[in-house]
Structures are given as C-alpha cells and as structure tokens.
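One structure is given here, and the rest of the page talks about it.
Number of protein chains: 2
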Amino acid sequence: MQEQSSLLVANAAKFQKWFNVTVKESTEVVAIDRAAKKITARDVNNGQESVHPYDYLVLSPGGHAIRPPLPGADLPGIFVVKTIPDANAIKAWITEKGAKSAVVVGGGFIGLEVLENLVHRGLKCSLVEMLPQVMPPYDPEVVEPVHDRLRAAGVELHLGDGVSGFEAGPAGSAALLAVKTQSGKTHAADLVVLAIGVRPETTLARQAGLELGSRGGIKVDERMRTSDSAIFAVGDVAEVKDFVTGEQTLIPLAGPANRQGRIVADVISGNEPSRFRGSQGTSVVGLFGLTLAATGASEKTLRRLGRTFRKVYLHINNHAGYYPGAKQIDIKLLFDPTDGRVLGMQAVGEEGVEKRVDVVAMAIQKGGTVFDLEEAELCYAPQYGSAKDPVNMVGMVAANVLRNQHPLTSWDELDLQALTADPGCVLVDVREPPELDKVGKVESAVNMPLSSLRQQLAKLQDKDKKYYVYCQVGLRGYIATRQFLQAGFDAVNVSGGYKSFQQQLQEQQRPAKL
Amino acid sequence: MQEQSSLLVANAAKFQKWFNVTVKESTEVVAIDRAAKKITARDVNNGQESVHPYDYLVLSPGGHAIRPPLPGADLPGIFVVKTIPDANAIKAWITEKGAKSAVVVGGGFIGLEVLENLVHRGLKCSLVEMLPQVMPPYDPEVVEPVHDRLRAAGVELHLGDGVSGFEAGPAGSAALLAVKTQSGKTHAADLVVLAIGVRPETTLARQAGLELGSRGGIKVDERMRTSDSAIFAVGDVAEVKDFVTGEQTLIPLAGPANRQGRIVADVISGNEPSRFRGSQGTSVVGLFGLTLAATGASEKTLRRLGRTFRKVYLHINNHAGYYPGAKQIDIKLLFDPTDGRVLGMQAVGEEGVEKRVDVVAMAIQKGGTVFDLEEAELCYAPQYGSAKDPVNMVGMVAANVLRNQHPLTSWDELDLQALTADPGCVLVDVREPPELDKVGKVESAVNMPLSSLRQQLAKLQDKDKKYYVYCQVGLRGYIATRQFLQAGFDAVNVSGGYKSFQQQLQEQQRPAKL
Numbered sequence: 004m005q006e007q008s009s010l011l012v013a014n015a016a017k018f019q020k021w022f023n024v025t026v027k028e029s030t031e032v033v034a035i036d037r038a039a040k041k042i043t044a045r046d047v048n049n050g051q052e053s054v055h056p057y058d059y060l061v062l063s064p065g066g067h068a069i070r071p072p073l074p075g076a077d078l079p080g081i082f083v084v085k086t087i088p089d090a091n092a093i094k095a096w097i098t099e100k101g102a103k104s105a106v107v108v109g110g111g112f113i114g115l116e117v118l119e120n121l122v123h124r125g126l127k128c129s130l131v132e133m134l135p136q137v138m139p140p141y142d143p144e145v146v147e148p149v150h151d152r153l154r155a156a157g158v159e160l161h162l163g164d165g166v167s168g169f170e171a172g173p174a175g176s177a178a179l180l181a182v183k184t185q186s187g188k189t190h191a192a193d194l195v196v197l198a199i200g201v202r203p204e205t206t207l208a209r210q211a212g213l214e215l216g217s218r219g220g221i222k223v224d225e226r227m228r229t230s231d232s233a234i235f236a237v238g239d240v241a242e243v244k245d246f247v248t249g250e251q252t253l254i255p256l257a258g259p260a261n262r263q264g265r266i267v268a269d270v271i272s273g274n275e276p277s278r279f280r281g282s283q284g285t286s287v288v289g290l291f292g293l294t295l296a297a298t299g300a301s302e303k304t305l306r307r308l309g310r311t312f313r314k315v316y317l318h319i320n321n322h323a324g325y326y327p328g329a330k331q332i333d334i335k336l337l338f339d340p341t342d343g344r345v346l347g348m349q350a351v352g353e354e355g356v357e358k359r360v361d362v363v364a365m366a367i368q369k370g371g372t373v374f375d376l377e378e379a380e381l382c383y384a385p386q387y388g389s390a391k392d393p394v395n396m397v398g399m400v401a402a403n404v405l406r407n408q409h410p411l412t413s414w415d416e417l418d419l420q421a422l423t424a425d426p427g428c429v430l431v432d433v434r435e436p437p438e439l440d441k442v443g444k445v446e447s448a449v450n451m452p453l454s455s456l457r458q459q460l461a462k463l464q465d466k467d468k469k470y471y472v473y474c475q476v477g478l479r480g481y482i483a484t485r486q487f488l489q490a491g492f493d494a495v496n497v498s499g500g501y502k503s504f505q506q507q508l509q510e511q512q513r514p515a516k517l
Numbered sequence: 004m005q006e007q008s009s010l011l012v013a014n015a016a017k018f019q020k021w022f023n024v025t026v027k028e029s030t031e032v033v034a035i036d037r038a039a040k041k042i043t044a045r046d047v048n049n050g051q052e053s054v055h056p057y058d059y060l061v062l063s064p065g066g067h068a069i070r071p072p073l074p075g076a077d078l079p080g081i082f083v084v085k086t087i088p089d090a091n092a093i094k095a096w097i098t099e100k101g102a103k104s105a106v107v108v109g110g111g112f113i114g115l116e117v118l119e120n121l122v123h124r125g126l127k128c129s130l131v132e133m134l135p136q137v138m139p140p141y142d143p144e145v146v147e148p149v150h151d152r153l154r155a156a157g158v159e160l161h162l163g164d165g166v167s168g169f170e171a172g173p174a175g176s177a178a179l180l181a182v183k184t185q186s187g188k189t190h191a192a193d194l195v196v197l198a199i200g201v202r203p204e205t206t207l208a209r210q211a212g213l214e215l216g217s218r219g220g221i222k223v224d225e226r227m228r229t230s231d232s233a234i235f236a237v238g239d240v241a242e243v244k245d246f247v248t249g250e251q252t253l254i255p256l257a258g259p260a261n262r263q264g265r266i267v268a269d270v271i272s273g274n275e276p277s278r279f280r281g282s283q284g285t286s287v288v289g290l291f292g293l294t295l296a297a298t299g300a301s302e303k304t305l306r307r308l309g310r311t312f313r314k315v316y317l318h319i320n321n322h323a324g325y326y327p328g329a330k331q332i333d334i335k336l337l338f339d340p341t342d343g344r345v346l347g348m349q350a351v352g353e354e355g356v357e358k359r360v361d362v363v364a365m366a367i368q369k370g371g372t373v374f375d376l377e378e379a380e381l382c383y384a385p386q387y388g389s390a391k392d393p394v395n396m397v398g399m400v401a402a403n404v405l406r407n408q409h410p411l412t413s414w415d416e417l418d419l420q421a422l423t424a425d426p427g428c429v430l431v432d433v434r435e436p437p438e439l440d441k442v443g444k445v446e447s448a449v450n451m452p453l454s455s456l457r458q459q460l461a462k463l464q465d466k467d468k469k470y471y472v473y474c475q476v477g478l479r480g481y482i483a484t485r486q487f488l489q490a491g492f493d494a495v496n497v498s499g500g501y502k503s504f505q506q507q508l509q510e511q512q513r514p515a516k517l
C-alpha cells in the first residue's frame, strides 16, 4: 500500500521553498474586517487569535459535505466523506466494529466512488437515493448501464426513496444501524455513508456582507472578484456562469477551480488577466469498469430552462469492430435545432468514453456544431477508433436530422400505446429473426428483416400509413428508413433502436421521483 | 483465431441488399471515354471486356505499395503489404520456409505495424530506414521513445541507410535473402517486407487526361470534382489541401477518405453538399504498448515552408500522479507566435496519448489557440486525467511564452558548446543531487537544487550573467526561473528539461540523413 502522504499534492514546506508562501496550518479565519482590510484568525489548537492585514483577499474555503437535519443523523457509524481523515474514520470503524454491511445515501460522484471502494473492501452495500436515478446531473436513460453495473456488483439499489431518519440497531440485532426511508422501509447496516452533496462554505463571506448569488455561492465577476473589489472567491464556494446555458451554477469540480486560481493570480500580480468563460460541467466517473462522462447541458437542464433542442442516441463500438476487444459506447448528443450548435453530450461504456466527451468539450468551447463533429479528423488505427469515429458518427446522425435528410424520432417522443392503437401507424422491427428471439422486441412491432426488406416493400400496399422503423442500435434502422422513403412510404427511424428502447423502458419502470 | 472474413467491413452481397448497389468484383476498369461518358471494364478472370455508360464517375483506386526498381526487388521472399492476400502470402512464406528472421524496409505506419506482428510471430527482426528516424511525418526527437521501444523489443535498427539491392542468400548460408544497403552493409534474413510507402494509383486518370496535382495525386476541388466535372476522385488517389498549412498534400488515411465519399454522394444526389475542408493529417500508430499520435503540422513541415512558429515540450503524467499507474506522455506543441493559433501537436506515451491529440485536433479544426487549450474543460477524475490536464498544461506553458510571462528556450535553439565557452552564460541544473547521480546531467551544468535555490540566490553576485535553467521535465525549471527573475537575474527555462535533452541528444547522435 502506498503512503497516505502521497495523496497530498503539496504541503506547507513545499509552498515555502518553491513559492516563498507561508501556509498557516490549523488556523481558521473567523472574521473579515473589509473596511480596515484585516482578517482575524484563530489558532485551532490553542484558541489564540491574531489579526492580519491584506491588500487582496482570496477566499477558497470550498464546500462542506451536507449532513441532513434528520433524526439520528449524528449517530456513531454515520459518516460523510470529504477529507482524508473522513476516509480514515470510515476505515477505522469498519475494522473496529467488524462492519459487514453499508448503506450509502446519495448516488452522485462521491456516493458511487464510496460504494465501489466499500464493495472492494468486501462489505454488502445498499444505495438509497431520493431521485429515481444515480448521477443527478445526467439524464435518467443515460445512467441505466450504471444501475445495471451496480446491481451486477451486488449493490442493492433503492432509488426514488429519500431517507427519513437513522436509528441505532436494536440490541441483539445483526446490524449496528438502521436507515429509515420516506416510503417506510428500513435498511439495516453496520455503516452509513452520507454522500448527498456539498454546499458552498459561505459562513465567513456572509458574515462579511459579501453578496451571494442565486444558487447560494459567493457572487463573482469574470475575474472572480466578489462584491468587494479587494476580495476574490474561487473554487466550490464561487457561483459561476454555465458556459452553455448562461445561467448561474455551482460546479464543485477541480478543473474550473484551478483555472479560477490562475485568473486571480494574474489580476493580483498585474498580468493581463483572462476572464473565466464559465463552466461546461465536464465530468467523469468510473466504477466497476464502467466510465460515465458528460460535457455541456443535459436534456433535463434544457427542459427546465425551456430551451429548444434536438437529440440523437448512438450505440457504437469504441474502435473498429474487426479489431478484437471492441466495447460499445452509449452516446446521447443534444444540439440546437436551428444552427446545429452542440449543447451537450453524455456517454457511458467501458473504453474510450471520456476521450469522446473531451473532444466534444473542446467543440462546445469553440462554439462547434454537429457539422464540426461530422468533419472532425481524429486519430484512427483499428485499436483506437474507427475511420468514422463515434464523434463523427454522432455528428453525422445529427447533421442528417438538421439537413432534413433523415426523419428521426426517439422512444420518449412516441406514445407506444396510441401508436399501437392507430391503424395508420406501423412499428417495424428490421432486425433478423434470430436477434429478436435472443433479445426480444417491442410487443406491437411487426418484423420486416432488412435482409429482405426491398422485396417486401415491392409487395407492400399501405402507402398511406406511417412506418416507425427501428433496429438494434439505429444503423440498420437508418438504412431501412431510407428504403421505405425511396419506395414512396412515409417512414421515420427511432433513434438508438431497441437498445435505447430497453434503457428508456428501465427508466420508466423505476419509481417516480418523490 | 477469428475468421478472416470478419476483417471485411462489407461485401458485394451486403451492398446489394442494403443499398441496391451492384458490386462487380474481379473487374478492372481499363479505359475512360470522357466524351462519350463510358468506361471499358475487363473481367480479370476471362479477359472479356464490357462498356458501361455513366452520368457521374467516382474514382477511388487508392494507392499502390511502392516496390523500388532495385536489383533483386522481385526475388521470392520479398513482399509488400497492402491487402489481405499480401498478408497471407507472408504468413505462407514464413510457414513454408520456416523463416526465422526478417528485414522490414521502411519505418512508417505499415513498416512498424508489420515489425510488431513479425516480432510477436517470433521472428528476429531488423528495420532498414533511409531517414535517420522512423515515422517520417513526425519530428525526429518526438520518435526517440519509439526507437527505444523497438530496440527493447529486440528489433535491430538501421537508420539513415537506404537499401541498394537484394540478393538470394548464397547456397548453404543461414538466411534465404540478403539486403544490401547504400552504406555497404548486408543484412541477412529469411523474409523481406517492403514498406516504403504508397503512391496514388493514377494510371487510369492519366490515360483519361485528368489533371494531376503537384504531389502526383488527382487534382480535385473542395467537392472532390476532378478537372472533368462528371468525374470525382476520393481517398488515397486524391490530392488534398493541408488544413493547417494550405499546401497540397497526399494523406493516405481512412478518416478523410470516408468524409470525401460522403461529400461526393451529396453532390451527386443533389443534397446540399459540404466542402472538404482539407486534412489535418491526424494520425496514430501503436506498437509494443506505445502510442504515437499527431495532428496538424510538424516542425519540419513548418521549417520547409518557412513559417514562423514557436514550440514547447512537456513530459507529463497521463493522469493524477497520486492515483496508481500514471504513465508519462511526451508532448510537443507548435503554435503561431503572433496569435497563439495551434499549428500542430505530437505526443508519445503508453496511455491517454491519442485522447489529447484528438482534443487538440478539434481545437485546430476550430481555429483554436493555446489560450483555448489552457482553458479547456476536460474530464477529470484521478484515473482519467488531472485537474490540469496535459492539454491544459501544454496550453499554459505556451500561453506563458506568448504573454511574455516566462522566458523559454529549447535545447535545439542552444549552442551548448558556445554557451559553455561564454563566461557570461551559466547552465543551471535545479534538480536535487540524488536525481543527478541517478540519471546524469548536462556536463557543463552547475547544480543549484530548487530546494535551496532561494538561499543560494540571496548570496549570488553575478547579476550580469544569463542563466539557462533546466530540471527533469520543465516544471521545476519554471519555478526556478521565476525565482531567478524575481531575484533580479536574467534567466530562461529550457523546455522539456533533461528529458528533452536526452531525446535531442539521441537524435543528434544518429547518422545524418543521406
């Protein structure tokens, strides 16, 4: 096992030697006197206070892990995870109590990473999440493979159910703690980890009368200056602009925080400073061999803001299928229907996921469109990608839609019940019969395999009907839809095919959001 | 072992069923009658000729592997590799003759991939390359790790030496063939593979009087139209514009070829066609666990064209160093010194290499600058990257140069002999003594370790001297240079540190280009 100290990127001694910067450890700033430009600091070991003048003050207190005001939330064995001591406390509890089971509350980045580690540690784990999905910043159908992967790893998922309180396990019971949920359930465990989010640590800023933003973070301008021009705020505590939507947001991620620090340093040292252009919310999480990543806006964000958008789904190999070891990536792309500007992408899979998200992150940064994705010239050798990379393919699908070259819909836009009842509509599955036998099909669909579709179309009479066409992932649906159209039929391809249908179905079958 | 047929992306039957397109196999087009808009085709099995009219004609004959007109080049056991039958012929030769050794001529993409496969097959391999480096499109110092990796895999490298001819191994000799080189050497082997490049297959186009470009490919416009507006050319046979430099070029890669095919289809079918924006030459090759990738212009291309540019080197972990398994990536970034526009990037390493090149490929496509790289918001979790991703870091280093915030030079810009002789110059190694003992230092350098540099600078008198500062990879050189500057000394950081020095040194020690 590696030394714990190797987790620390820097320490006080290095700051002194490298940068001639004195780091006062174990020292809490308790007050800011803005008029006098002084701070009061307290030594946390001996309580002694000291006053320090400043020309500029940079606030970087981060956020604090939320501990909800619920009955029993302070019981021994209930932990939050933010610092190395937090992690040590959990490890010590597991060892001392011989803990065999854990409930993690909250299915965001931290909750999932904690889950994976507890599973590796050998604990029987459950996840309780108030929302009907894990990873709240992502769209629900996108995270279905994450749900599957968690279940496959033995994690019990309790989605769409909030925690109502905690109790110590009754004397003689097998578990040390009991987690009560709003639906009336009880989940017993020897350890509870709360991972329900972070809140910007604005205590000091509020005491000093600094302006806060609409999301509860410290309000700053593009140079990270607060409402007091001598005071800056950076990192999780600062409220920033969403680069894609323009709305105020809190992005507690390390990349933007680093960038903000650099901007403030430039302002203070009189260099020509750049402006913080806002954050795209580019994020990634890995668990149990799966990678989930995104950049830009999600569909739910766009819906909440009432923005118009279009979307396409793609399920595609990370590299050429003829090279061994190709893994499928599920991609969802959101774009502006007027000019094709990329608004966001989410992807999940085992290999090459965050690479595609990174490329699209750069495209979004530069105001790129789906036409740019279509034209992207990316590294291709069969072990790395395809001559038409997933980024190209998702761009091509979207560009076909925008150019009105290909009618496309998605499962959530279809009312399957109404469609089935409507004699003017036909749902067509164009996969080959052995595939249907193996993975199933949409109940009301008729099977017209692509391999003989042209002959069947030559005999088909119903030119007044509308044909909704799907295959496994969308490619053959595309080919089939074109054959329908060329033969004079009205047809539309269902984006993402049966694979997307399954993910959508799973999502609909989950309990609704409370 | 997988079926060989799985290597084929499509076949005639699929084209017929899916697209209603008839593929005439084993049929060679032998003449184009442009006036009559007819082609003459010959059945290669029975020699029978047939004439076919066309409205539009698309030429996509690709290139042919070059077999140099050298003595003995047609001897049995000497192969080129372009098609699956070529590969089968090599395998058959190895089996039938019990071949134990091979010489590969040419160290480009194909040559290296062939080498890796022959080594895996158990053959003792040598590489003969006329240039003093493998992978000619790349800059020489960038491919040094590839040379190291090839040698480590047991490949004998003969760089800077062209082949002059081939002979059958004399009766009774251990090897079946002998490769003679221009320097007078003889390399014996049981198998020779020629991988010295491809040439556009323009025979038919020339016969038909179509205009060729300056590089010998078929000349086309942005819609891939040849000098005859009814005839298009796509793929390796077409000459295209270099997206970065604007010059004519041949890019025999699959990605651009795919894109070109789509453009032609749009033109012919009357859709609103896009324009081929040119090729960035984005490329990747993997061998023996190493990945080498690039996008945009190389330094040698920029020098050949007389363009002004600046460059920075970076040797950086692919992901956070505190997460196990981080691997170093060597990066070279070229950019415009006036506006910071990214001109090209080359990178080599074991993990995460082509991801960074893909991101920069998108940046180049969108006219991005080093400031955009600096600000890129990419996926970060410790197993995927760093809060400051390598793309950010190389952007920051370059932006520091452009903003005149940090004096930077590179080893090839320094005349070490003159610098050592000049009493006004000091070369300073700021690494700690144990590192120098372990990996060595530049002979004439004085050691002033960063850990005590501030104290040493306080005592240092020579304010008139110029200090050339380096560390292992550049980061501490940066910190040290800033300390020199703040203390009132004239100092400059040497990009890429000792790591780049070693790569530059290896390059200089190779035989010169013939």
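First to last, the protein sequences are chains A and B.
Note that the first sequence covers residues 4 to 517 in this note's numbering.
Note that the second sequence covers residues 4 to 517 in this note's numbering.
The C-beta atom is built at its ideal place from N, Cα and C for all residues, glycine as well.
These numbers come from a predicted model, not from an experiment.
Contact check, residue i vs residue j, beta carbons under 8 Å
i, j, result
"B:Leu130", "B:His161", "yes"
"A:Leu376", "A:Gly299", "no"
"A:Ile69", "A:Val201", "yes"
"A:Leu290", "A:Leu115", "yes"
"B:Glu3", "A:Gln368", "Residue numbering for chain B in the displayed model covers 4 to 517; residue 3 of chain B lies beyond these limits and cannot be assessed."
"A:Lys391", "B:Asn261", "yes"
"A:Val442", "A:Leu317", "no"
"B:Ala236", "B:Leu62", "yes"
"A:His67", "A:Glu170", "no"
Neighbourhood of residue i by C-beta distance below 8 Å, restricted to the same chain and skipping five residues each side
i, result
"B:Ala257", "none"
Opening and closing residue of the beta strand (DSSP E) in which residue i lies
i, result
"A:Lys331", "Per the sequence shown, the amino acid found at residue 331 of chain A is Gln instead of Lys. 331 to 338 is the span of the beta strand (DSSP E), which, as asked, contains A:Gln331."
"A:Ser286", "286 to 290"
"A:Gly168", "166 to 171"
"B:Ala494", "493 to 497"
Beta-carbon contacts of residue i that lie in its chain and below 7 Å, excluding the five residues immediately before and after
i, result
"B:Leu439", "Asp432, Asn450"
"B:Met4", "With a pLDDT of 47 at B:Met4, under the threshold of 50, the predicted position of this residue should be treated as unreliable, and no value is reported."
"A:Glu510", "Pro143, Glu144, Glu147"
"B:Pro276", "Arg226, Ile266, Asp269, Val270"
"B:Ala296", "Ser286, Val287, Ala350, Val356, Glu357, Val360"
Buried versus exposed call for residue i [16 or more other C-beta atoms within 10 Å across all chains shown]
i, result
"B:Ala105", "buried"
"B:Lys358", "buried"
"A:Ala515", "Confidence at A:Ala515 is low in this model, with a pLDDT of 46, below 50, so its placement is unreliable and the value that follows should be read with caution. A:Ala515 comes out exposed."
"A:Ala520", "Here chain A comprises residues numbered 4 to 517, so residue 520 of chain A is not present and cannot be evaluated."
"A:Val429", "buried"
"B:Leu517", "With a pLDDT of 34 at B:Leu517, under the threshold of 50, the modelled position of that residue is not reliable, and no figure is offered here."
"A:Glu24", "According to the sequence provided, residue 24 of chain A is Val. The question's Glu does not apply to it. It counts as exposed."
"A:His55", "exposed"
"A:Asp418", "exposed"
"B:Asp239", "buried"
"B:Leu11", "exposed"
Residue i, enclosing alpha helix (DSSP H) - first and last residue
i, result
"B:Ala297", "Careful: B:Ala297 lies outside any alpha helix (DSSP H), inside the beta strand (DSSP E) at 293 to 299."
"B:Thr86", "It is not in any alpha helix (DSSP H) - B:Thr86 carries neither H nor E in the DSSP assignment."
"A:Gln509", "500 to 512"
Check: residue i C-beta below 7 Å from any heavy atom of the ligand FMN
i, result
"B:Leu153", "Absence of the ligand FMN from the depicted structure is noted, as is the absence of any ligand whatsoever, leaving it without description."
Own chain, CB closer than 6 Å to residue i, minus 5 neighbours either side, in chain order
i, result
"A:Thr484", "Val472, Ala494, Asn496"
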